[in-house]
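The structure under discussion appears below in the form of structure tokens.
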């Protein structure tokens, strides 16, 4: 299993929040301070920092999601410890495109 909570799903929450905010603010004028944009590295940095810190509102990922992923990490460590370090079936299983890409282990899907 992936042991870093940010890598498991929290970074994905942050990316989804950034894309959602860009979509929701796309009609605002480009100089509007409420606008989110991912058009340049500077605007990407500004958008992600605004989401990460949250300001007066709760940021992304939310406190609930952070706690959820940290608790999942603790459960996974306990399961690995109980199994004395042996592979634990079902922990860290991937879904979606990552699972599909992992099916052909040893086979590269990239390049010629």
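In this note's numbering, the protein residues as written are 42 to 153. Cβ coordinates follow ideal geometry from the N, Cα and C atoms, glycine included.
Sequence-distant residues of its chain with Cβ nearer than 8 Å to residue i (five each side left out)
i: residue 129; result: 42, 117, 120 and 121
i: residue 69; result: 75 and 76
Cβ-Cβ distance between residue i and residue j below 8 Å
i: residue 66; j: residue 77; result: yes
i: residue 86; j: residue 58; result: no
i: residue 88; j: residue 56; result: no
i: residue 50; j: residue 110; result: yes
Contact belief for residue i with residue j at Cβ below 8 Å, rounded distance in angstroms
i: residue 106; j: residue 54; result: 6 Å
Residues near residue i in its chain [Cβ-Cβ closer than 7 Å; skip 5 each side]
i: residue 94; result: 100
### Message
What ranges does the alpha helix (DSSP H) occupy inside the region 74 to 133, keeping only unbroken runs of at least 4 residues that lie completely in it?
### Response
82 to 94 and 104 to 123
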